[in-house]
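Sequence lines, in order, name chains E and Z. Sequential numbering from 940 applies to the first sequence in our numbering. Sequential numbering from 54 applies to the second sequence in our numbering. Just below is one structure, and these are the notes that go with it.
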Amino acid sequence: MTKDQIFEVIKKNVLYVLPDLPAEAIRVEESLKDLGANSVDRMDIVMESMEALQLKIPLTHLAQVKNIQGLVDLFYEACHVRV
Amino acid sequence: MNTRVVVTGVGVVSSVGTNADKFTQALRDGKSGIGFLQNAQNSAVPVRIGAEIRSFQFEALLQSLPSLPPEVVAKARQCARRAPFSVQCSVLSALEAWARAELHDRRPVPERIGVIVAGSNIGQNYQYTLNAKFQQAPEYLTPSYALHVFDTDHVATISEVLSVRGEGFTVGGASASGNVGIIKGYQLLQADVVDVCLVVGAVADLSPMELQAFYNIGATGGRAFDSEPEKACRPFDTQHEGFIYGQASACLVLEAAGFAQRREAPILAELLGGAIVLDGNRSSDPNEEGEARAMQKALQKAGEAAEAVDYINAHGTSTPAGDIAELRAIRRVFQEHTARIWINSTKGLVGHCLYSAGVVEAAATIVQLCEGFVHPNANLQEPCDTGFRFAGLSACPAGSRIALSNSFGFGGINTSIVLARGVTHE
């Protein structure tokens, strides 16, 4: 699983939760909050993405995540640890 | 202060019609929403008959609502698109009632609008469905469940969609929840807490567990007519054998009469009064004395004598003990007038909608009062008691002015409300 593939999974779930968002607005440097996701939306996006990627990451690890890039990196790392 | 309370809007999402116009036409036509449950063949639960809202599509129904500003529709989509089925139905019925009451054009300040949702443990099937996944991988449980687990998610979602900022809460009263909600709305208006109150009856989204429990307690019907579902629900007929589950959400907009008149709102009916009385009984058995007391107290609150009533929308679940007790209670209250007062049960057509039944049946009562008819009593071929004026097998013109609507719940919760066509005496 590449970082690009992980980003596509996250993007798909952002659009699922925030369907009115234009797809091109979802970039790695953006934060989910700035894209308009409230706290529950953000957790829904994270959880749906983790499920799609079959990852089980303690939620405390999310505290350090600042933007979508941070989420991609966290998921990428977890994928590799698992492998 | 005795504030008069009127009904200015009605919304319905039901098995026989997904808006109030279709619902009214279905009542007139005697159309039944009862059929085989869609998942019956795959289920071990012996309840196979019910009145489901079939082919439900939130987005399509949202688009079909008349005369709502685009920003309200967009807000509803944003708030409820991923919400459980029962929440989506509550939003739709609330939006329809809101639109019909013309509240978006001439709206009160948000702080003077209230919302009451009737029902408890509303989303049982949603929880049941999540539980199967939870058993496999609890980590992936959807975080939104922490919001949806509360029945007040219905209140919260409606309040966000319609910017309601007055008082809001849920009420429970088992199968009488709807009438409890209507009576609490009436009291909020009388207490001058709000000018407008939306009362929403929520779809009872039962899981296989609740269906099995109702079967095991002996409350459900559908045995003798297991191959003819449309005949299974037969309130007041000698072959009645238990209730048939139904799905519907309905909403009434209750409003202080003076406020409604000042904003020139459409006035469909007046809510003259209502009463909730307990039997002091935790079980499921109906009680003639308690039911009579609810009707008497409702009439007393309404300031109307028994002989003023033209029509009774009965609780009439098609359960032998319940139907018989209710007719005896009606005879006790109305005596010789029973020969003149129309009686029907909306449950014969839409099944027993449990939490929302009171609101659905108040909506049915109001449209019959407004349009001058009584809807049929489905499958009533041989009444289980005599001396009553039951509506027949097809709709009949009726110029009823004052109506009573009964709802009785497990745990000895008896309720009755009194409605009048349009606005009565000043």
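Here a beta-carbon is modelled for each residue, glycine too, at the ideal position from N, C-alpha and C. The structure presented is a predicted model; accordingly, all values stated were derived computationally and were not measured.
Looking only at its chain, what residues have a beta carbon closer than 6 Å to the beta carbon of residue i, apart from the 5 residues adjacent to it on each side?
| i | result |
| --- | --- |
| residue 213/Z | 132 |
| residue 104/Z | 68, 86, 87, 299, 403 and 404 |
| residue 77/Z | 420 |
| residue 111/Z | 141 |
| residue 219/Z | 164, 165, 166, 167 and 247 |
Taking the CB atoms as reference points, tell me whether residue i and residue j lie closer together than 9 Å.
| i | j | result |
| --- | --- | --- |
| residue 223/Z | residue 201/Z | no |
| residue 301/Z | residue 233/Z | no |
| residue 89/Z | residue 101/Z | yes |
| residue 466/Z | residue 331/Z | yes |
| residue 321/Z | residue 235/Z | no |
| residue 286/Z | residue 168/Z | no |
| residue 399/Z | residue 374/Z | no |
| residue 410/Z | residue 368/Z | yes |
| residue 965/E | residue 1010/E | no |
| residue 1017/E | residue 996/E | yes |
| residue 397/Z | residue 459/Z | no |
| residue 507/Z | residue 177/Z | Chain Z is shown only over 54 to 479; residue 507/Z falls outside these bounds and no answer can be derived. |
| residue 115/Z | residue 136/Z | no |
| residue 430/Z | residue 444/Z | yes |
| residue 106/Z | residue 256/Z | yes |
| residue 62/Z | residue 423/Z | no |
| residue 146/Z | residue 179/Z | no |
| residue 183/Z | residue 125/Z | no |
With a 10 Å radius around its C-beta and 16 neighbouring C-beta atoms as the bar for buried, classify residue i as buried or exposed.
| i | result |
| --- | --- |
| residue 230/Z | buried |
| residue 356/Z | exposed |
| residue 1019/E | exposed |
| residue 270/Z | exposed |
| residue 288/Z | buried |
| residue 162/Z | exposed |
| residue 944/E | exposed |
| residue 449/Z | exposed |
| residue 172/Z | buried |
| residue 58/Z | buried |
| residue 952/E | buried |
| residue 441/Z | buried |
| residue 92/Z | exposed |
To which residues of the same chain is residue i closer than 7 Å at the C-beta, ignoring the five residues directly before and after it?
| i | result |
| --- | --- |
| residue 337/Z | 270, 272 and 463 |
| residue 956/E | 976, 980, 983 and 984 |
Give every residue of the same chain whose Cβ lies closer than 8 Å to the Cβ of residue i, excluding the five residues on either side of it in the sequence, and list them in chain order.
| i | result |
| --- | --- |
| residue 265/Z | 98, 99 and 100 |
| residue 1000/E | 1013 |
Residues in the segment 179–208 of chain Z having any Cβ partner in chain E nearer than 9 Å: 190, 192, 193, 194, 195, 196, 197, 199 and 200
Against chain Z: residues of the segment 948–959 of chain E by CB proximity under 9 Å: Within the segment 948–959 of chain E, 955, 956, 957, 958 and 959 place their CB atoms closer than 9 Å to a CB of chain Z, listed in sequence order.
The segment 66–75 of chain Z in contact with the segment 299–314 of chain Z per 3-pair CB rule at 8 Å: yes
Three-pair Cβ contact test at 8 Å for the segment 467–477 of chain Z versus the segment 240–250 of chain Z: no
Cβ-based contacts, 9 Å cut-off: residues of the segment 1000–1014 of chain E near chain Z: none
Three-pair Cβ contact test at 8 Å for the segment 968–978 of chain E versus the segment 1001–1011 of chain E: yes
Cβ pair count under 8 Å reaching 3, the segment 328–347 of chain Z against the segment 382–398 of chain Z: Yes, since at least three Cβ pairs between the segment 328–347 of chain Z and the segment 382–398 of chain Z fall closer than 8 Å, the two stretches touch.
Contact the segment 188–197 of chain Z vs the segment 415–435 of chain Z: 3+ CB pairs below 8 Å: no
Contacting positions in the segment 972–988 of chain E - beta carbon closer than 7 Å to chain Z: 979, 982, 983 and 986
Contact the segment 307–318 of chain Z vs the segment 146–165 of chain Z: 3+ CB pairs below 8 Å: yes
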